[in-house]
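Residue numbers (my numbering): 24 to 311.
Positions of the beta carbon are idealized from the N, C-alpha and C atoms, including for glycine.
The structure displayed is predicted, hence computed values, not measured ones.
Structure first, then comments.
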C-alpha cells in the first residue's frame, strides 16, 4: 500500500557551532563516538527511505543543533533528493558553511529553513548566503528570534532581503515577558503571521494531522505523533508501522511551536502555506 507522508527527522545530534544565549544547545560538543552514532542512524534512515519506492515522502530535518555543517547530512540530502519517491527535503539551518555541496542535490526537491542569529554572524554574511541559495535555485525562508533588542536589526534585514523571501519571526516566549504594543506592531509589520507565534494554542482534543500524514521520527526509528508528544506509536523499521498511523485528537493542553501548530486543522494554515508548509513559506511569496 502506498502512502503520502511527511517525516520530521530528529536524530541524536545536538552539537552546534553557535552559542546563542537563548539556546540550550549552544556550543555543545559531542564525542567522536556520539557523532558516529548519529551518522549511522542517519544512514539507516536513508537506506529505509530508499526502499519505500511506492510512497510519496517529504523529509524535514529538525536537529537540536546544526546538522548541515556535517558531511553525512550533506550527503544524505543529496542522495534523498535524487530519489523518485521523495517530493521534498527540508532542513533547519543557520547557513554557517560553504554551500558548494548543494550543487550535488536536486534543487527542485530541496528547501531550507534558514535562521539568522545576529549575535553569531553579520547581516552581510547571512544575506550573501541567502543570495547564493537563490542563485542555485534553492527555495528558502529566512527567520530569526524576536528579541526586542534585535528589532532594528531585524527590520534592516527585512529591508535588504528580496521581497520574495519570507522573513518569519519566532516570539521569545520562554522569557515570560510580554511584547509592548509598539514592539508587537513592528514585528507584525515584518512578519504578518507573528501574532500566531506569540501564543500557546489550545490543542487538547483538537484535530491535527500529526500522527497520520505527519510524524516525528528519532534516530532509532521510533515514531511519535510530533516532537512535542513523548508517547511512541511505533517504529518505521517495523513491517507494519503504517497500521499505527491514524487520525486522533491531540492529547497536549497547548501547542506553541510553529512546527507543531502549523498542522492543527483549526488554524487552517495549510491554506496559507500550501506546498511550502514544511519550509515555512506562505503561498503568496511564491507568486511575488
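- Distance from the Cα of residue 305 is smallest, within the candidate group 220, 260, 233 and 215, for 215.
- For residue 41, the closest of 24, 90, 78 and 77 by C-alpha to C-alpha distance is 90.
- Linking residue 253 to residue 247 through their CA atoms gives a straight-line distance of about 7 Å.
- Secondary structure note for residue 206: its alpha helix (DSSP H) is the uninterrupted segment 204–213.
- The stretch 107–118 and the stretch 76–83 touch, with no fewer than 3 CB-CB distances between them shorter than 8 Å.
- Counted as a single uninterrupted DSSP element, the beta strand (DSSP E) harbouring residue 241 occupies residues 237–241.
- Below 8 Å, too few C-beta pairs join the stretch 61–74 and the stretch 121–137 to call them touching: fewer than three.
- When DSSP states are grouped into helix, strand and coil, residue 224 belongs to the strand group.
- Excluding sequence positions up to five before and after residue 288, its CB lies within less than 8 Å of the CB of 229, 230, 231 and 232, all in the same chain and listed in chain order.
- Around the Cβ of residue 263, a 10 Å sphere holds fewer than 16 other Cβ atoms; the residue is exposed.
- DSSP, reduced to helix, strand and coil, places residue 60 within a helical segment of the structure shown.
- Rounded to the nearest angstrom, the gap between the Cα atoms of residue 250 and residue 32 is 9 Å.
- Here the alpha carbons of residue 221 and residue 188 stand approximately 22 Å from one another.
- If you draw a straight line from the Cα of residue 239 to the Cα of residue 301, it is about 13 Å long.
- Residues of the same chain with a CB within less than 8 Å of the CB of residue 108, apart from the 5 flanking positions on each side, are 72, 75, 76, 77, 78, 79 and 80 in chain order.
- Only exposed fits residue 52, as fewer than 16 other CB atoms lie within 10 angstroms of its CB.
- The alpha-carbon separation between residue 155 and residue 227 amounts to approximately 42 Å.
- Contact annotation: residue 70 and residue 95 have beta-carbon atoms that are not nearer than 9 Å.
- Beta-bridge partners assigned by DSSP to residue 33: 241.
- If you ignore the 5 residues before and after residue 272, its C-beta comes within less than 7 Å of the C-beta of 228, 229 and 230, all in its own chain and listed in chain order.
- Remark: C-beta atoms of residue 190 and residue 164 approach each other more closely than 9 Å.
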